[in-house]
Every structure is written in C-alpha cells, then in structure tokens.
Amino acid sequence: MAARTIVTEYLARVEGEGGMRVEIDGDRVADVKLNIYEPPRFFEAFLRGRPYTDAPDITARICGICPVAYQMSAVQALERLCGVTVDGQLRALRRLLYCGEWIESHALHVYMLHAPDFLGYESAIEIARDHPEIVAKALELKQTGNKVMTVVGGREIHPINVRVGGWYRTPRRAELLELVEPLERARDIALETVAFAAGLPFPDYVREYELVCLAEPGEYPIDRGRIVSTAGLDIDVSEYEEHFVEEHVEWSNALHSVIVGRGSYLCGPLARFALGFEELTPVAKSAAREAGLGPGERNPFKSIVVRSVELVQACDEALALIAAYEEPDRPAVEVEPRAGVGWGITEAPRGILYHRYELDDGGAIRTAKIVPPTAQNQRAIEEDLRAVVESHVHTPDDELALLCEQTIRNYDPCISCATHFLKLDVERR
Amino acid sequence: MRVFGIGNRYRHDDAAGLVVAERVGGTPFEGEPVGLIEVWSGEDAVLLVDAVSSGAPAGTLHRLDAVAEPLPPALFAASTHHLGVADAVELARALGRLPAKVVVIGIEGACFDAGEGLSIEVETAVERAVEAVREEVGACTSAP
C-alpha cells in the first residue's frame, strides 16, 4: 500500500499548538510521536535576576486556566526557602482559592472540551445549540468558580491578591458568606455532572500506570503534601529532582518527564482519586461510588467522571472552608529573603506542578525551574496513544484521529505556554 | 460600550489587545475566552480587541461585527487559549447570551512566540487601533 498522510489542521479543544504523528505499517504501529508541550523555558529565564516577590504574578501568566496553581507552587517554594510558614486561615484561604480554580477548570474541561468527544459533537457550540441546558450548567459552575477567585483572589479573571507570606488583603467573613448559596447550587450541579459523565460511553481500555500525586493525612491532595505513587514512592518535594528527570526528545523541543529507573508516570485526577480516595468528603465519595468508581479505576477515559467527582469535592471543601473562616489578624506573615534553594509542589487541576527557586542573599532569583503537569504526563499520553492506535489499527483515519484527540483530552493538557495548533498526521504504509 | 482587550502579555504580539485596553481605560482580559460570557453579561454593547493571525500583513486592522455574522475561527486560532474568542462568541450566541452589539477589532500579529514586546508593525497598529476603539465607543455613545 502506498504511504499516505492525513493531516488534521489542528486539534481543537487542546490549549496551544502541538503535533502528533502516527505511522502505521500494515497492522503494526511503527511509531507515535507527540509534541503537545513546550516547557516554560522563557519564564525560567525571564525570572532570573528579578526580585523573589515577582515569581507568583509572573508564573501565573504561564497558563490562562490555572494561574492559581502557578502562584501556589511559587509561594510554597519561596516561603520554604525563607523559612516562613503560612498556616491557619491564611492557608485555608489559599485552599479556598485553589478550589475556585479547580471548579472553573474542571467545569470547562468536562463540559466544553471533553464531553463533545463522547457525545459525537464537534464542539461545545454544537452541544449548546441542541442542548443549551447542558452548557448552561457548565457556565454556572464556571461562574461560581470565578466568583470564588474574584472574592479571594482580588480580581475577576486573573488573581492578583496572592503574595509570598500570605495575601495583600484578606476577605471579610461577610464577603465569603455571599459565596455560600452559589456554591451550594454548584455542588448540586456537580452531583448532576457526576451522573451525566458516568452515563457516557467509554472505550474499553485500561492500563497500569504509576500514578503520582501529593498526600497529606486528612486532606484530599490540593495544596501541600509529600509526593507519593502507586509504586511506593514517598518523598519530600526537595527530593523531586532525584526521582524525576526530564529527558530531551529528539523530534521536538519538548521534554518528557520520567521516574528514574522506571519510566513514564501519570499525574492528575486519576492519580489523586486512586491515592486520595479515602480523603474525599462523604458527599464526593458517595457520588463516586454511585457512579461505579473506586480507587482501582484505571480507564483514562473515565477521567471525565473523576473530574466531575472532584468538582463535588471542590464545592464541598470550599463550603467547609467558608463555614470555618475567621478573619485573620493580619493578611501576611513577615518574609525576610535569604540565599538558598526552595521547592514547591501543588496539585494543578491537571496534576502536580513543581517549582524550584534559588535566591541570592538580596532576594533576587538566581535560577528557576518549573515542571508543569502536562510535561510530566506527555510520555504516558504517548504510550496511551500507541496502545489505542494498536487496538484500532483498521479504523478509518478520520475516526482514528478523533479517538486520538479524545485520548489526549483525557489528560486535559494545559499548554498555553506551548504553541497554538496541533497537527495530526497519520501515515500508513 | 465596554472594551475588553484579550491576550497574553508574554506572547509578543498576542499582547496587542491588552495594550490597547490599557490605553483606552478598558479591561485587560488574560483568562480563557469562555470567561468573557461571564464578564460581559449585563452589557448591551462590547468591543473586543485581540491579536489575530490571518496571513494579512502584520499590523493590518480587521473590524468585525460579531452579531451580524460568526467570527472566522481561523482568524483567532492563534489565541493562546483553547476555546478561542470566536468559540466564546458562538457559544454565547447559541445560549442567547451575546450582547446586542459586539464589535471586534483584530490586530494582525507577526510573532506569537514566548517573550515580551510587540513587533514594530503591531506597535504602530496599536496606535491606529486605539483611535478605532475611541471612534467605535464615541459612535456607540452618541447613537440614539
């Protein structure tokens, strides 16, 4: 058979640009190359020489969807470096802000980006024309997440209130109480979302990943914890670079993260759900059970259901944090910069986000290293694609292309720091 | 008429919309575009300024009436967000949440790589876009 190449102009619904190339030789998948992610090297270089206080706001610009994750990993690393602990209500507010981001990001991904794949629609716009009530739910959830971000983060769209040591201003209790009603409503919608997602048709596919997430006793993994995995990893964030390395990939400017001595791993909702299941709130846990999900779930296509469960979790937690809120005496603790190295890691909606900073004794950033979740998942996504293509080798190219896109979207890749289009080439020989 | 400038300030020419918004006292919008549906809710007339990529010479200004016809998605594909501005407009249209008047000023960009600063052509175009925005806002305000 003559070689032929099919090019999809770009992969819609994945942020940024990238490329994917599949080579099929008869019945055999000869090669799968995925290039959806460009590491944020510009930002690492841009931070050098700048005051440490700039890091939260500058790194927040790396992603339009998860600015809070970048802020949280940055402040955690810098506070640790400076020997400062942010706890009590100051820390609770950070978790609340993070819940707002999870709600916004997960609502967008579940309904607007991933659901069309399962429902056979080209995009959320077509769903909105046929079933406006479904998309309206997504918007209401998103709006509630945004309200949380506005009240706690200080501005709609892009939070500006986070600083090393705490906040510029902490909200009044009355301001937070205004979030209760929308969050209760959002939790109801989130519960409906779990039922909706659980009813979608899922490709029959499971794989034994090494799942990696944070773990902190008594908490669902969000804003702190040790790094643990299903293969028994249990380390402090300061040891991250001894266990996780980024490998250069010859065909692209991408870096693939691997666990030393073992290879690919997966972070994000599926990992948090597997390792943090017992820490879900009772409402979220029972929603998961009703949806037929347990911590042993390894079908990546069901990540859409897990994300929906995490929507319930985020609404539920946000409500609990607001109920327990007491206005702190001061918005931030004093921070004195010092020379040294600090590490931070938190759970962005799509997985663990690692930051490391080195400061000089005047508080200027000497070096910065940032490893976003999509960089960490890229190798596992590529392996999934190979397996999915192998089991659908006779599927027509256009259908195969859609299945590949759906597979990539299982991981909600966040590549705003990357480029703009994803070209998909299928070459058959 | 409320003005939103859309873009990413660390993607060279993608910052053009933000720069225009800042110069005319509008709202810089750095989030993902579906969020526009929330922030423009309650507005009768909005003006969106965004960098675009259509293959036209860098610095070309495009004026589009988003209520009259769908925005060409290809024009806005260079947005660094996944559902682009064109998608947000279409989503709002499908849900009946499009303001009565939505004008889009597109500024043709040359470089969307990571980095700061506008290209010379876009820097010049920003001046013209600021004028164009002022005229639009003026015409909208004086309209009966």
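Top line first, the protein sequences correspond to chains A and B. Take the first sequence: its letter number 344 is residue 337 in my numbering, and every next letter is one higher. Count along the second sequence from 1, then add 9; that gives the number in my numbering. Don't be surprised by glycine CBs; every beta carbon is placed ideally from N, CA and C.
Practice item. Could you tell me whether the region 163 to 173 of chain A touches the region 301 to 310 of chain A, using the rule of 3 or more Cβ pairs below 8 angstroms? Key: no
Check your understanding: By the 10 Å Cβ neighbour count, where 16 or more other Cβ atoms means buried, how is Y161/A classified, buried or exposed?
Key -> Residue numbering aside, residue 161/A sits at position 168 when the first sequence is read from its first letter. Classification of Y161/A: exposed, given that the 10 Å Cβ count is below 16.
Point to revise | Runs of beta strand (DSSP E) wholly within the region 93 to 131 of chain B (minimum 3 residues, chain order) | key: 110 to 117
Point to revise | Contacts around H236/A, its chain only, beta-carbon distance under 7 angstroms, and the 5 residues preceding and following it disregarded | key: Position 243 of the first sequence, counted from the first residue, corresponds to residue 236/A. Closer than 7 angstroms at the Cβ level, and outside the excluded window around H236/A, lie L226, I228, I252, V253.
Check your understanding: If you pair each beta-carbon of the region 306 to 314 of chain A with each one of the region 86 to 96 of chain A, do three or more pairs fall below 8 angstroms?
Key -> yes
**Study point:** Beta-carbon contacts of A(-4)/A that lie in its chain and below 8 angstroms, excluding the five residues immediately before and after
**Key:** Here residue -4/A corresponds to residue number 3 of the first sequence, with the count starting at 1. Only weak support is given to the placement of A(-4)/A: the predicted model assigns it a pLDDT of 39, under 50, and the value that follows is read from those uncertain coordinates. Result list for A(-4)/A: E420, R421, R422, in chain order.
Check your understanding: So with Cβ pairs under 9 angstroms, would you call L73/B a contact of chain A?
Key -> Taking the second sequence and counting its residues from 1, the one referred to as residue 73/B is at position 64. Judged by the 9 angstroms Cβ criterion, L73/B is not in contact with chain A.
Practice item. Give the straight-line distance between the Cα atoms of D47/A and L40/A, rounded to the nearest whole angstrom. Key: Walking along the first sequence from the start, residue 47/A turns up at place 54. Walking along the first sequence from the start, residue 40/A turns up at place 47. Distance between the alpha carbons of D47/A and L40/A is about 8 angstroms.
**Study point:** Minimum C-alpha distance to K166/B - residue among D22/B, A119/B, G35/B, G51/B
**Key:** Residue 166/B is absent from the structure shown; chain B starts at 10 and stops at 153.
Point to revise | Inter-residue Cα distance where the pair is V173/A and K140/A | key: By 1-based counting over the first sequence, the position of residue 173/A is 180. By 1-based counting over the first sequence, the position of residue 140/A is 147. V173/A and K140/A: Cα-Cα distance of roughly 11 angstroms.
Review point. Going by beta carbon distance, what residues of the same chain come within less than 8 angstroms of R122/B, once the five residues before and after it are set aside?
Key: By 1-based counting over the second sequence, the position of residue 122/B is 113. The question names Arg, but residue 122/B is Asp in the sequence shown. Within the same chain, D122/B has close Cβ partners R20, H21.
Practice item. Check whether the Cβ of V251/A sits closer than 8 angstroms to any heavy atom of the ligand PLP, and report yes or no. Key: Within the structure as shown, the ligand PLP is missing, as the structure has no ligands at all.
Check your understanding: What residues of chain A sit near I46/B, judged by a beta carbon separation below 7 angstroms?
Key -> Along the second sequence, one-based indexing puts residue 46/B at 37. Going along chain A in sequence order, the residues near I46/B (Cβ under 7 angstroms) are L132.
Practice item. Starting from the N-terminal side, write out each stretch of the alpha helix (DSSP H) that is 4 residues or longer and does not extend beyond the region 16 to 95 of chain B. Key: 25 to 33, 45 to 48, 82 to 85
Check your understanding: What residues match up with L352/A in a beta bridge as DSSP calls it?
Key -> In the first sequence, residue 352/A corresponds to position 359, counting from 1. DSSP lists G333/A, I358/A as partners of L352/A.
**Study point:** CB contact below 9 angstroms: F36/A versus chain B
**Key:** Locating residue 36/A in the first sequence gives position 43, where the first residue counts as 1. F36/A counts as touching chain B.
**Study point:** Any alpha helix (DSSP H) of 4 or more consecutive residues that is wholly inside the region 117 to 199 of chain A
**Key:** 117 to 123, 125 to 146, 166 to 170, 173 to 191
Review point. For L90/A, which residues from the same chain have a beta carbon less than 6 angstroms from its beta carbon, with the 5 sequence-adjacent residues on both sides left out?
Key: Working through the first sequence from its first residue, we reach residue 90/A at position 97. Taken in chain order, the residues that qualify are V61, V145, G146.
Check your understanding: Which residues in chain A sit within 9 angstroms of G124/B, going by Cβ to Cβ distance?
Key -> Within the second sequence, numbered from 1, the residue matching residue 124/B stands at position 115. What G124/B touches in chain A: F35, F39.
Review point. So which residues on chain B does I118/A lean against when the C-beta distance must stay under 7 angstroms?
Key: If you number the first sequence from 1, residue 118/A lands on position 125. Here the neighbours are D96, E99, L100, A103.
Point to revise | With 16 other Cβ atoms within 10 Å as the buried cut-off, status of G158/A | key: Reading the first sequence from its first residue, position 165 is the one you call residue 158/A. The residue in question, G158/A, is buried, as its Cβ has 16 or more Cβ neighbours within 10 Å.
Review point. Which whole runs of the beta strand (DSSP E) in the region 197 to 255 of chain A are 3 residues long or more, in chain order?
Key: 204 to 208, 219 to 222, 237 to 241, 248 to 252
Review point. So L106/A is in the alpha helix (DSSP H); what residue range does that whole segment cover?
Key: For the purposes of this step, residue 106/A is taken as the residue at position 113 of the first sequence. No alpha helix (DSSP H) contains L106/A, which DSSP labels as neither H nor E.
Review point. Checking contacts by CB at 9 angstroms: is M105/A closer than that to chain B?
Key: Position 112 of the first sequence, counting from 1, holds the residue named residue 105/A. For M105/A, the answer is yes, since a Cβ of chain B falls inside 9 angstroms of its Cβ.
Practice item. Please state if the CB of Y350/A and the CB of I338/A are separated by a distance shorter than 9 angstroms. Key: Indexing the first sequence from 1 puts residue 338/A at position 345. Indexing the first sequence from 1 puts residue 350/A at position 357. No, the Cβ-Cβ distance between I338/A and Y350/A is not below 9 angstroms.
Point to revise | Classification of C356/A by the beta-carbon crowding that lies within 10 angstroms, buried from 16 upward | key: Position 363 of the first sequence, counted from the start, is the residue given in the question as residue 356/A. It should be pointed out that residue 356/A corresponds to Gly in this sequence rather than to Cys. By the 10 Å Cβ count, G356/A comes out buried.
Check your understanding: Cβ atoms of T367/A and R331/A: under 9 angstroms apart, would you say?
Key -> Locating residue 331/A in the first sequence gives position 338, counting from the first residue. Locating residue 367/A in the first sequence gives position 374, counting from the first residue. Not closer than 9 angstroms, so no.
Review point. Can the beta-carbon of G192/A be found closer than 9 angstroms to that of A208/A?
Key: On the first sequence, residue 192/A is found 199 positions in, with the first residue counted as 1. On the first sequence, residue 208/A is found 215 positions in, with the first residue counted as 1. No, these two residues do not count as a Cβ contact at 9 angstroms.
Review point. What residues from the region 37 to 70 of chain A come within 7 angstroms of chain B, judged by C-beta to C-beta, listed N to C?
Key: R54, G57, I58
**Study point:** Through-space distance from M10/B to G289/A, alpha-carbon basis
**Key:** Translated into positions along the first sequence, residue 289/A becomes position 296. Translated into positions along the second sequence, residue 10/B becomes position 1. Taking the straight line joining both Cα atoms gives about 53 angstroms.
Review point. Who pairs with Y347/A in a beta bridge, going by DSSP?
Key: On the first sequence, residue 347/A is found 354 positions in, with the first residue counted as 1. In DSSP, Y347/A forms a bridge with I338/A, V364/A.
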